[in-house]
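Enquirer: Here it is, the structure, as structure tokens.
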Ligand code: ADP
């Protein structure tokens with residue numbers, strides 16, 4: 170990322186995060202209750218590099234973040250090796266396996282591949298601070314919350330695009346800032 174002098178100081182995380190108003194909702198996984206088949210469908214119907222994990226769709230409380238490639242590899246391995254893991258198996262990111270019906274297929278436990286402390290900023294965090302954090306911590310993405318609810322995601326590419334937009338709109342701001 171280029172030095173922050175090129176950055177418009179009035180932008181906030183909420184201005185740069187995805188999804189935008191017109192976009193489809195943020196693609197998230199729930200920490201329990203989704204099946205292997207549902208997770209595969211979600212992952213394969215998008216190209217995102219990662220997915221936030223939340224307590225539930227209603228709460229949108231952030232639990233962690235999983236990378237697309239880790240999810241696909243783990244599901245693939247489990248289907249090949251783990252006794253009884255099928256499309257109907259429940260995917261579980263919680264510490265303890267939830268109670269299941271006795272005849273349910275064994276759950277696929279994926280807490281091990283989840284980043285338990287993904288970096289977050291609030292929607293009102295100024296972008297110059299966010300960019301600083303990206304640079305200093307070498308982040309690839311950061312999640313955006315409001316009052317503890319997950320709102321969106323900012324990737325390094327989103328920031329670069331936003332900077333390019335600002336530069337196009339107002340070339341003088343680069344010189345005078
Ligand atoms: P990159 O920005 O490097 O292409 P991604 O492929 O992960 O990284 O993201 C592509 C776009 O989709 C970015 O604008 C990003 O903010 C957004 N995005 C990333 N993950 C998700 C997600 N789980 N749900 C919705 N949008 C996402």
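In my numbering, the protein residues as written are 170 to 346.
Where is the CB? At the ideal position from N, CA and C, for every residue including glycine.
1) Should residue 286 go down as buried or exposed, given a rule of 16 or more other Cβ atoms within 10 Å for buried?
2) Residues bridged to residue 323 by DSSP?
3) May I have the straight-line CA-CA distance separating residue 329 from residue 269, to the nearest angstrom?
4) With a CB to CB cut of under 6 Å and the five nearest residues on each side skipped, what residues in its chain are close to residue 184?
5) Taking the C-alpha atoms as reference points, what is the distance between residue 283 and residue 313?
6) Which of the three DSSP states, helix, strand or coil, is assigned to residue 195?
7) Whose C-alpha, out of 317, 260, 334, is nearest the C-alpha of residue 231?
8) Report whether the distance from the Cβ of residue 275 to the nearest heavy atom of the ligand ADP is below 7 Å.
9) Name the one or two DSSP bridge partners that residue 220 has.
10) Please check the pair residue 338 and residue 324, which I expect to be a contact at CB under 8 Å, by giving their CB distance rounded to whole angstroms.
11) In whole angstroms, give me the CA-to-CA distance for residue 182 and residue 207.
12) Given that a residue counts as buried once 16 or more other Cβ atoms are within 10 Å of its Cβ, and exposed if not, what is residue 331?
13) Could you tell me the boundaries of the beta strand (DSSP E) in which residue 291 lies?
Expert: Let me lay it out:
1) Burial call: exposed.
2) Paired residues: 311.
3) Straight-line Cα distance between these residues: approximately 45 Å.
4) Hits under 6 Å: none found.
5) C-alpha separation (whole angstroms): 18 Å.
6) Coil.
7) If you compare the alpha carbons of 317, 260, 334 with that of residue 231, the shortest gap goes to 317.
8) It does not: the Cβ of residue 275 is nowhere closer than 7 Å to a heavy atom of the ligand ADP.
9) 235.
10) 21 Å between Cβ atoms; not a contact.
11) So the two alpha carbons sit approximately 30 Å from each other.
12) Classified as buried, residue 331 has 16 or more neighbouring CB atoms from the shown chains inside 10 Å of its CB.
13) 289–291 is the span of the beta strand (DSSP E), which, as asked, contains residue 291.
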